[in-house]
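Asks: Sequential numbering from 9 applies to the sequence shown in my numbering. Structure incoming, see below.
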Amino acid sequence: MTRSKGARHASTAGRPNPANGAPAPASAPVAAPSSGPTNPARPNRLVRMPSWASIAAGTATPPIPEVPPAAMADTPPASPPATTAPSIELLAAPAARPSDSTSVPPAYVIRSPGSSNRGRPRTRTAPVGSAVSAIPDHAGLAPGHTISLSRSSSVATTVAAAQSPALAPCAKCASDPADDVPKLDPFAIPLVHVLDLADAGGRRTPETSAALLPVSVLYGQKWVVVGCRAGQIVIVDAVTLKPIATLDGHSRAVLSLAWFDDAKSAPEVRVISSSADGIVRIWDLAQRTCTDVVISADAGSVFATQYVPATRTLYLGCQNTSLQWLHTTSNPTDPVSDARTLAHREQSYFFAPRLVTTFLGTSSTSTLPSSPRPAAHVVPDTGVFAHAHAGYIYAVTSAPRHAWLITGGGDGTVKVWSVASSAPQLVRTLSVSDDDGVASLALDQAETTLYVGLQSGAIAVWDLDTAQCIRQLVEHTDAVTWVATMRASGAALGHGVLVSASLDASIKVWAQRSNYQCLATVDAQAPVVDGALGAAHIATVHEDGRTRVWQLPAAVREQQVGMPEAAMVARGAAADDDGDADALLYALRNWIPYRTISGDDACAEQCRAGAQYLRSVLTQLGADAKLLPGAPGRNPLVLGRFTGKPPAGHDRGLHVLFYGHYDVVPTDPEQWETDPFTMTGHNGYLYGRGVSDDKGPILAAIFAVADLASQRQLHATVTFLIEGEEESGSAGLAEAVEAHAQDILTPSAIDVILMSNSSWLGETVPCLVYGQRGVVHAHITVEGGAGNADRHAGVDGGAVAAEPLPDLIHVLASLLDPAAPHDRRVRIPGFYDAVAPITPADNARLDALVARIVAAGDHPAGANPAALKHSLVRKWRTPTLTIAHVGTSSGAQAKAVISRRATATISLRTVPHQHTADLVASLTRHLHAAFATLPHSANRLSVAVSTAADWWVGKPDSPYFAAAARALTRVWGRGDPLAVMEGGSTLPLHWLRKRLAAVDADCRDAGAVVPVVNVPLAQASDRAHLANERISVANLVTGRRALREVVRNLQAEFAARGKVEKVAKKV
9 MTRSKGARHA STAGRPNPAN GAPAPASAPV AAPSSGPTNP ARPNRLVRMP SWASIAAGTA
69 TPPIPEVPPA AMADTPPASP PATTAPSIEL LAAPAARPSD STSVPPAYVI RSPGSSNRGR
129 PRTRTAPVGS AVSAIPDHAG LAPGHTISLS RSSSVATTVA AAQSPALAPC AKCASDPADD
189 VPKLDPFAIP LVHVLDLADA GGRRTPETSA ALLPVSVLYG QKWVVVGCRA GQIVIVDAVT
249 LKPIATLDGH SRAVLSLAWF DDAKSAPEVR VISSSADGIV RIWDLAQRTC TDVVISADAG
309 SVFATQYVPA TRTLYLGCQN TSLQWLHTTS NPTDPVSDAR TLAHREQSYF FAPRLVTTFL
369 GTSSTSTLPS SPRPAAHVVP DTGVFAHAHA GYIYAVTSAP RHAWLITGGG DGTVKVWSVA
429 SSAPQLVRTL SVSDDDGVAS LALDQAETTL YVGLQSGAIA VWDLDTAQCI RQLVEHTDAV
489 TWVATMRASG AALGHGVLVS ASLDASIKVW AQRSNYQCLA TVDAQAPVVD GALGAAHIAT
549 VHEDGRTRVW QLPAAVREQQ VGMPEAAMVA RGAAADDDGD ADALLYALRN WIPYRTISGD
609 DACAEQCRAG AQYLRSVLTQ LGADAKLLPG APGRNPLVLG RFTGKPPAGH DRGLHVLFYG
669 HYDVVPTDPE QWETDPFTMT GHNGYLYGRG VSDDKGPILA AIFAVADLAS QRQLHATVTF
729 LIEGEEESGS AGLAEAVEAH AQDILTPSAI DVILMSNSSW LGETVPCLVY GQRGVVHAHI
789 TVEGGAGNAD RHAGVDGGAV AAEPLPDLIH VLASLLDPAA PHDRRVRIPG FYDAVAPITP
849 ADNARLDALV ARIVAAGDHP AGANPAALKH SLVRKWRTPT LTIAHVGTSS GAQAKAVISR
909 RATATISLRT VPHQHTADLV ASLTRHLHAA FATLPHSANR LSVAVSTAAD WWVGKPDSPY
969 FAAAARALTR VWGRGDPLAV MEGGSTLPLH WLRKRLAAVD ADCRDAGAVV PVVNVPLAQA
1029 SDRAHLANER ISVANLVTGR RALREVVRNL QAEFAARGKV EKVAKKV
């Protein structure tokens, strides 16, 4: 792979034309013009400046974006289609062709040539990997089809797609399995994350917006490095995409970044930065320190750098048209004693306003005051090739096989230098253009073809063997600021593909052969300033102040990561760290578009398709998986099982059941800043309905168990029971569990229930949940007599003896005591009778918990211990009644209507040791008694209970709970997790704890319950059920590791207990 070096148009303004002495066009210069002579035979070109040049120069303030960008394209993606066909590439294929009433979802925008300003052509849509094909109602592919999955361990697994015994295949799909499935465009570049440095952490101000405007970028395995307009270098975690450190040292825009890989350091640890301040710095990213400072020789801005490891030489492409170099083996220079060199440079135009001390990182603005003093190097006079070009040198790259250095300048030439000796020797000059400047450079894999990005928007293709320009690619309409070459699959593609990015706000993918066909054009959403290539992603920085991360095209990614696109999910199973989070995020990104809203008939097919997608993920990761039918007309359940080898000396291993739900609550798109059914990454968070409740945690758990299985460290059976009706009362769950108990409880009864369906108390301290309140949802209706209809309030008002809505209000008012509004005292008889008192042990646990939270400052209630404790008691141990909704038959907009029917929904939250059935009966009696006090009403009252779920409480000192706590302590490294209860409810959990305690329901111990370990991944601010639901990438990725360690500890605890029992029996 070859990337361009230093194509930084942020600093191309202000260059005078020696032919007439006129200044450059009216754009603010980044640096002062060169003081050296120019070659009159080849005058400098007048360069049309990009609009953000003055921003980089510090003379203008960039615009402040108000809201996060749109997810991926001009048009928000539609949901996956309702009718689908089977797909061989379960996770790679796009959504199937829909029926006539459904449109194909646009997953990204392809731009084809057309007439509009800035070259913004007409739009057509094409499917990409973010829209995944849904499997049809029969449970698998046509007979005989297989899916080849490649693991990171290079073991190929072939999974036969068998028919589900519960569902019969449709005749069409059996005979015509995949004709209706459009193929995945292998060259799509989907946007996966947007990083706004000025907005990260809520610190946006006009000053930070200007200072943190990105100018350059570098992509590594661990870090994304962003150089900014005011001189800062921001280090971003490449997995979580959150800023983790800022390096200060430069005083002006960081124009280029490059790796400094030498024998003394690990790859991708040291970085070279060059700046408009004329200084080059070398940084150790691991230590967050500047190790070396290189002071150029009257260079002005240093646009590009290139390190050649063979000769250990650093080359600089400079504004003053010179090519400079420094052998990194040379001894550091003491600037104070080198009076001749520095005195001369301080009198020059470029260095007059600056102090020598600022070059060494000793200025007052440095954020590393305790760091060791960096070694200072001054480029010697013998390390300068003056006027190497007749214009600024914008781009530098190297061809190691030939020992060549290649430079590109604003004079429209590319020069090839031999760097085998100590000083560069000119080999040839390529006259690219007489009236155009070079902006970026890239070599192909064989180092025989050079791609030259020009300021006009063209890409010149040069054969280095013959020194001929063999083609010009004219698609971009503004400067090509970045080019890179990558390998790609497909014989017709020859050596691979070329990717280019431009100030015309587009990214293009080209075939390096096949006549250099433009394979795809992606709307980059804003002009691209620079780009960088990672192993599986591209990072681009833009004029709008954002850094965007794009997924590599599928055809490229197959070559980069060495496996087919269909195995994208499976490839993450052997990873033992965060380095392979792509597969997890890929799977979640493709699951979110399914609108799995339970209780909505319009989403029934979407729910089924979402369940089938989850089954395919489980299958590809090595689990046995199938769908279980739910209640008639309701969503199916997904049953998956990973079976590990029992521990040595044991007849069986631990049996864990992971419970979760794939259904989600409805959304109001007007309240969302992004499309709720397109996963959008922004500043380290993933936004979308279900990312935290509960699709994200489910996939984290599946990948966690698959990790153990692939490493042969799974010594338990882990069964996944994922339902699709939890948000609608878990309808059909009990019936499905009873009907398929033998499948679920194989090879044994459940030893522990594991789940991840809650949130932390705050933002930083992990939690373990050991109990939840119960819930009762009741619907109260008051309606008029038979034949009654809505009436006009003006025409019939006063003639209606009893209006339903006032009667309903009277009944609702009887539920709460108006004399105690703050306590919301419930007036249902016996409501508080069975509430368990808070014991001294409970009090001690609460006091310890409050002390931890206050010490960490991790709760919105503030640092008042008494208020915080009161809040927790109210949420965890106090029963409540909420009037959640009131409506009428005439609708919310009616202003002058007497409604024939009025309805209300109330929610009761129950606590230990209340009896749900008794409360429901008492509630019903109370409502009818209150209604009976209206003797003249001709209306009717009805009460319907849709949900009645018991509370549950576990034992925070149990062995399994303690094993999980140790796992979280080890992974998160933030001390012991908080043992908490939750005010919310998981409807079927109380029943599951009892039913799963024995294989045969008739033989189970009436008092036996299965212990529950609830490991939440979401933070308190993640807004489950609300608009803009989100989850931190860090929490999702680290949560996967945490759940992996939880399972590891649970199975170890089970094995240890088994050994103790055997010893006891012998004794």
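Virtual Cβ for every residue (Gly too), placed ideally from N, Cα, C.
List the residues that DSSP assigns as beta-bridge partners of M763.
Replies: Answer by DSSP bridge pairing, in chain order: Y667, N1022.
Asks: Using 9 Å as the threshold, is the C-beta distance between V422 and A447 below it?
Replies: Cβ distance not < 9 Å, so V422 and A447 don't count as in contact.
Asks: Between the alpha carbons of S966 and A987, how many angstroms are there, rounded?
Replies: Approximately 12 Å between the Cα atoms of the pair.
Asks: Please identify the residue among S822, R1003, P1024, R853 whose C-alpha is closest to the C-alpha of G1015.
Replies: Of the listed residues, the one whose Cα sits closest to G1015 is R1003.
Asks: Does S141 pass the burial test, meaning 16 or more other C-beta atoms within 10 Å, or should it be called exposed?
Replies: At S141, the pLDDT of 31 sits below 50, so the modelled position is not reliable; the number obtained from the coordinates is stated separately. Buried: at least 16 other Cβ atoms inside 10 Å.
Asks: Around the Cβ of L949, are there at least 16 other Cβ atoms within 10 angstroms (buried) or fewer (exposed)?
Replies: Flag for L949 reads buried.
Asks: Between A952, I817, E731, which lies nearest to L636 when the distance is taken from Cα to Cα?
Replies: Checked all of A952, I817, E731; the closest Cα to L636 is E731.
Asks: Would you kindly check if the distance between the Cβ of L942 and the Cβ of H818 is under 9 Å?
Replies: Going by C-beta atoms, H818 is nearer than 9 Å to L942.
Asks: Can you tell me which residues form a DSSP beta bridge with E791?
Replies: Paired residues: R909, R948.
Asks: Quick one: is Q1059 buried, meaning 16 or more other Cβ sit within 10 Å of its Cβ, or exposed?
Replies: By the neighbour-count rule (16 or more Cβ atoms within 10 Å), Q1059 is buried.
Asks: Excluding the 5 residues flanking T886 on each side, which residues of the same chain have their C-beta closer than 7 Å to its C-beta?
Replies: Cβ within range, chain order: V919.
Asks: What separation, rounded to the nearest whole angstrom, lies between the Cα atoms of G504 and E455?
Replies: Distance between the alpha carbons of G504 and E455: 13 Å.
Asks: Where A973 and V247 are concerned, what is the direct C-alpha to C-alpha distance, given to the nearest angstrom?
Replies: Rounded to the nearest angstrom, the two C-alpha atoms are 25 Å apart.
Asks: For K877, which residues in the same chain have their Cβ closer than 8 Å to its Cβ, ignoring the five residues on either side in sequence?
Replies: For K877, where only same-chain residues beyond five positions count, the Cβ hits under 8 Å are L854, D855, V858.
Asks: Evaluate T415 with the Cβ neighbour count: other Cβ atoms within 10 Å of its Cβ, from every protein chain shown; 16 or more gives buried, anything less gives exposed.
Replies: By the 10 Å Cβ count, T415 comes out buried.
Asks: List the DSSP bridge partners of G642.
Replies: What sits at residue 642 in the sequence shown is Arg, not Gly. Beta-bridge pairing links R642 to no other residue.
Asks: Let's test the definition: count the other Cβ atoms within 10 Å of the Cβ of D841 and tell me whether it reaches 16, buried, or not, exposed.
Replies: The residue in question, D841, is exposed, as its Cβ has fewer than 16 Cβ neighbours within 10 Å.
Asks: Measuring CB to CB, does A266 end up less than 9 Å from T313?
Replies: Contact: yes.
Asks: Is it buried or exposed for A747, if we count other Cβ within 10 angstroms and need 16 for buried?
Replies: Under this definition A747 is an exposed residue.
Asks: Just the Cα atoms here: how many angstroms apart are S822 and W884?
Replies: Using only the alpha carbons, I get a separation of about 25 Å.
Asks: I'd like to know if the region 687-694 and the region 644-652 are in contact, where contact means that at least 3 CB-CB pairs between them fall below 8 Å.
Replies: These segments do not touch.
Asks: Between the beta-carbon of V894 and the beta-carbon of G962, is there less than 9 Å?
Replies: Not in contact: V894 and G962 (Cβ atoms no closer than 9 Å).
Asks: Below 8 Å on the Cβ atoms is my contact criterion, and I expect H669 with E734 to pass it. Report the Cβ-Cβ distance as a whole number of Å.
Replies: That belief holds up - the Cβ atoms of H669 and E734 are roughly 3 Å apart, short of 8 Å.
Asks: Return the CA-CA distance between R556 and V1041, expressed in angstroms with no decimal places.
Replies: If I take the Cα positions, the gap works out to 15 Å.
Asks: Among A656, L707, R642, Y594, which one has its Cα closest to the Cα of A631?
Replies: Selected option, being the one with the closest Cα: L707.
Asks: State the beta-bridge partners of F728 as determined by DSSP.
Replies: Its beta-bridge partners are G648, F666.
Asks: Report the residue from A450, D486, H484 whose alpha carbon sits nearest the alpha carbon of V469.
Replies: Here the closest residue by C-alpha is A450.
Asks: Who are the Cβ neighbours of A532 in its own chain at under 6 Å, not counting the five residues just before and after it?
Replies: If we look at A532 and ignore the five residues flanking it on each side, its Cβ neighbours are A513, S514, I515.
Asks: Less than 9 Å between the C-beta atoms of L226 and A540, yes or no?
Replies: Cβ atoms of L226 and A540: closer than 9 Å.
Asks: Give every residue of the same chain whose Cβ lies closer than 6 Å to the Cβ of L205, excluding the five residues on either side of it in the sequence, and list them in chain order.
Replies: The answer, listed in chain order, is L220, V242.
Asks: For L1044, which option in Y594, T682, L665, N1057 has the closest C-alpha, if you only look at C-alpha atoms?
Replies: Ranking the options by Cα distance to L1044, first place goes to Y594.
Asks: For Q679, count the other beta carbons within 10 Å of its own beta carbon; 16 or more makes it buried, fewer makes it exposed. Which is it?
Replies: Looking at its Cβ environment, which holds fewer than 16 other Cβ atoms inside 10 Å, Q679 is exposed.
Asks: Report buried or exposed for T772, applying the criterion of at least 16 other Cβ atoms within 10 angstroms of its Cβ.
Replies: Exposed: under 16 other Cβ atoms inside 10 Å.
Asks: Using only the alpha-carbon positions, how far apart do S217 and D270 sit?
Replies: Distance between the alpha carbons of S217 and D270: 35 Å.
Asks: With DSSP collapsed to three states, give me the class of A101.
Replies: Because A101 carries a pLDDT of 31, less than 50, the predicted location of this residue cannot be relied on, and no value is offered for it.
Asks: By DSSP, does A975 sit in helix, in strand, or in coil?
Replies: Correct three-state label for A975: helix.
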